[in-house]
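Counting in our numbering, the sequence shown runs without a single skipped number right up to 1043 at its last residue. All C-beta atoms in this analysis are idealised placements derived from N, C-alpha and C, irrespective of residue type, glycine included. Remember, predicted model here, so these are calculated numbers, not experimental data. I have placed the structure first, in the form of structure tokens, so that the comments after it can refer back to it.
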Amino acid sequence: MKTKLTLFLSLFCIFNLNAQSSNLSGYIKDASGNPVDFANVVLYNAADSALIKVEYSDDKGAFTFNQIDFGTYYFEIKFLGYKDYQSEVIELTSNDAHNLGVITLDTQEQTIEGVVVTAKKPLLEMKPDKVVLNVEGSINASGSDAFTLLRQSPGVVIDNNDNIFMLGKSGLQIYIDGKPSQLAGSDLAEYLKTIPSSEIVAIEIITNPSSKYDAEGNAGIINIKLRRDKSLGSKTTINSSFSIGQRARTNTTVRSTYKAKKWNVFGSVSAYRGEDIDPFNLYREQSGLIFDQTNVGEGGWKGINYRTGMDFLVSEKSTFGILFNGSTRTGTWDQNSRSDISTVGNSYIDSSLIASANSTWDKGDWNINTNYKYDNKDGFSLNLDLDYGTYNRDDIETQPNEYVDPDGNSLAIIEYRSETPNKIDIATAKIDIEKNLGSATFSAGLKYSDVTTDNMFGFYQLVDDIPVLDIEQSNDFKYIERVSAAYVNYGAQYNSFGIQAGLRVEHTESNGILTALIPSNNEEVNRSYTDLFPSFGMTFQLNQKNTFQLNYSRRLNRPNYQDLNPFRSRLDELTFEQGNPFLNPEYAQSIQLSHSWNYKLNTSISYSRTTDLITRITDTTEVTSAYITWLNLAEQEAYSINVSAPIPITDWWNTYTSLTGVHTHNKSDFGEGKRIDLSATTFNVYAQHSFQLPKGIGMEISGWYNSPSIWGGTFEMDPIWSLNFGLQKKFMEDKLTVRMGVDDIFLSTRFKGTSVFGDLNLKVDGRNDSRRFKINVAYSFGNQNVKARKRDTGLEDEKNRIN
């Protein structure tokens, strides 16, 4: 231990040694005082204008040139949407750090034939550790929601069950303002649909996160950055949207912030309601029988999201904050189906099953976070988060099933009722430290999480309209999981070469207990495992126009809490979905090489290999029943390439295009003729055209296309695409913004696919209520000068696994 401490102190001293050199730093902001991140800062030798070093501003607008030899220099700042900035000559003659203070960039604005053209952030930015989609101000992004914006993000695909994939891989983690959402599956989709696009600034796509992030998420992380007011004073914004397709939806948000000298308070509340209709058909061949099923699901929902908090400046170096957020949601869903049953080779219908699944649900969740941050203003910072959150959901479903003959005469009636209350409690604590070591940065942290899920399942058969408890199918499932984690991360910049390396260790203890009313059916699954998750990255600035980046990471994806639950959720008498308590975590190793040319053309290629891939499989039980469950495939390999670029056509017409190609190969053998060896090469295209028209009118046309692909381990899906259109106009000195548009103009987001697994052949065909006219109105008033401190909590990764 003494040797390790001595070695660490020696390294610390080495990194802090400065010979005849100095550090040069500053902050870049716009005219409103907002930080300008990822601006290009180029340092030149004043004597001969030779390029010395290139840096980029961070999300606070800060930049630093470390270990610059004594001499005379000047620097230039360039960023799309702002006028170029060139400094005066600076002379460095001492080891003392040279702080340039705040540098303000002026917005670049032109007038062409009566059209005022104001440059803004490009739709897409490629940063050293992520790709950023700047959706704030996008016309087609207005009047929609976070879920819709994810569907339009480069390399992201969402299937008909609202599962989200990136670069052909599942296991994607969704973060909200730097914290995992704690939801998954349908619950995550429902939550994302309640976040209005007006509250979203940007979507960050992180394909290879560093070790400071939780190891959860094989496909990487998507972080949705919510709007936050950045200047001093007070401000209130009211935003309301309405959309209609076959059904209508509304969302109204009020957001307010106020800051005094040493504290600020902030809050927002969103009220929403809507309806949906989802028709789909399912054709199934099994054991010589044909089940030709038509379904129509429709229902509605309403709810409220709320968020409030306060930050208190204890001293110039310390800040304490508290954040409370939550939501309540209620809804109904009616699934009506008809299955015509016949034998293979015979078109005559033997009988039909007419079923309804009528459900009501009530959800509520809340989370409280306390945060302490210390920054000694000399390169050392500490951040502490304590979180507690709870999630509750109650579902009640009735399901009448009636068999009829070809003439419509009743053959049998079977009626079920199920009650499934569940509760999830999550507590986390984490601490992070960071130390600036001159041209390098060292960071480390600890995290502990404790999760308890309690799921009850009461299954009843209705006899003369009286519910009778079925003791063979009713039970209780409790799952407890405790994860302890620690990480170290080191990053350094040496002129045009940068390096980042980290290691994370996580120890998991889990206990799943199935308690049945019949004791012989009880089950218990215990697991204890420790894993190492290394990460590594290099960047190389060849010249001012060419940047290369190489990243590697190892990650895992634990099963969602509900996917471990063995309860049966029925679509009808012959079709159901069931969890698997014996699921193992899946592990993935990924490597990616990226290149950026002139900050416009971005190219990346990547490879990943996943073992024990968690995927949905449709299988058979008995002769006539089919069910969907979760299994571990042996492995999946994925190769991908992405090319994206903003292309300006004229001063009033800009475009952005992203093309992603993915080749995936799924392999597994479950025996009994149930072998999977399926490959597919797919590509995804996203394009957006933005126009600045006379009279201050903005117009956008955007669209995306997904080629044939693999879904759920065994399904081969047909292509799917969408085209969107939008207009925007601002009034009252830009305080009032009106946007309107149409999503999925040609109603082309129809999902269709086939699957062969064992003796089960499936065909599915359906669509969503995706063609929608939408209008959005936003109005801001009050002193336009307040800033709410951006807050990340420690309850991040756990939220992603609730569904």
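With 16 or more other Cβ atoms inside 10 Å of its own Cβ, Gly514 counts as buried. Annotation: Arg990 to Tyr926 spans about 17 Å, alpha carbon to alpha carbon. In terms of Cα proximity to Asn695, the closest of Gln701, Glu712, Leu702 and Tyr719 is Tyr719.
Sorting Ala756, Ile446, Gln639 and Tyr284 by C-alpha distance to the C-alpha of Leu702 places Gln639 at the top. For Phe387, the enclosing alpha helix (DSSP H) covers residues Ala386 to Arg391.
Counting only runs of at least 3 residues, the segment 587-673 fully encloses the following beta strand (DSSP E) elements, listed from N- to C-terminal order: 591-615, 620-644 and 650-659.
Ranked by how close their Cα comes to the Cα of Phe560, the residues Arg524, Tyr512, Tyr614 and Asp385 have Tyr614 in first place. Pairing Gly678 with Tyr734, the inter-Cα distance amounts to about 11 Å.
When beta bridges are read from the DSSP output, Gln701 appears opposite Tyr656 and Val708. In the structure shown, Asn761 falls within a helical segment according to DSSP collapsed to helix, strand and coil. With fewer than 16 other beta carbons inside 10 angstroms of its own, Lys975 counts as exposed. Note that the C-beta distance between Lys409 and Ser884 is not below 8 Å. Around the C-beta of Tyr769, fewer than 16 other C-beta atoms lie within 10 Å, and the residue is accordingly described as exposed.
Excluding sequence positions up to five before and after Tyr643, its CB lies within less than 6 Å of the CB of Ser591, Leu593, Leu651 and Ala652, all in the same chain and listed in chain order. Of the other Cβ atoms in all chains shown, 16 or more fall within 10 Å of the Cβ of Lys499; this residue is therefore buried.
The Cβ atoms of Gly742 and Ser451 sit closer than 8 Å to each other.
When the beta-carbon positions are compared, Val342 and Glu444 stay at least 8 Å from each other. Within the segment 791-850, the runs of beta strand (DSSP E) at least 3 residues long that lie entirely inside it are, in chain order, 808-812, 815-818 and 826-837. Going by beta carbons, Pro821 and Glu749 fall outside the 8 Å limit.
Look at Lys542 here: in three-state DSSP terms it is strand. The bridge partners DSSP lists for Ser988 come to none.
Taking 8 Å as the cut-off, the beta carbon of Glu826 is found closer than this to the beta carbon of Asp852. Counting other Cβ atoms within 10 Å of its Cβ, Val554 stays below 16 and is therefore classed as exposed. For Glu515, the pairing in a beta bridge is given by DSSP as Gly540. If you ignore the 5 residues before and after Ile941, its C-beta comes within less than 6 Å of the C-beta of His929 and Phe965, all in its own chain and listed in chain order. Here the segment 781-796 makes no contact with the segment 707-718; the two share fewer than three CB pairs at distances below 8 Å. The beta carbon of Ile636 sits closer than 6 Å to those of Thr600 and Glu659, all from its chain and outside the five residues before and after it, given in chain order. Between Asp605 and Gly571, the CB-CB gap reaches or exceeds 8 Å. Within the same chain, Cβ atoms closer than 6 Å to the Cβ of Leu967 are found at Met939 and Met980, the five residues on either side in sequence being excluded. Comparing alpha-carbon positions, the option among Ser836, Leu811, His903 and Asp803 lying closest to Ile854 turns out to be Asp803. Residue range Ser558 to Thr583 is occupied by the beta strand (DSSP E) that includes Ser579. For Gly993, the secondary structure class from DSSP, reduced to helix, strand or coil, is strand.
Taking 8 Å as the cut-off, the Cβ atoms of Asn607 and Gly566 count as close.
According to the DSSP assignment, Tyr498 belongs to the beta strand (DSSP E) that extends over Ala488 to Lys499.
Distance from Ser265 to Thr304 at the Cβ level is roughly 4 Å; contact confirmed, criterion being Cβ atoms closer than 8 Å.
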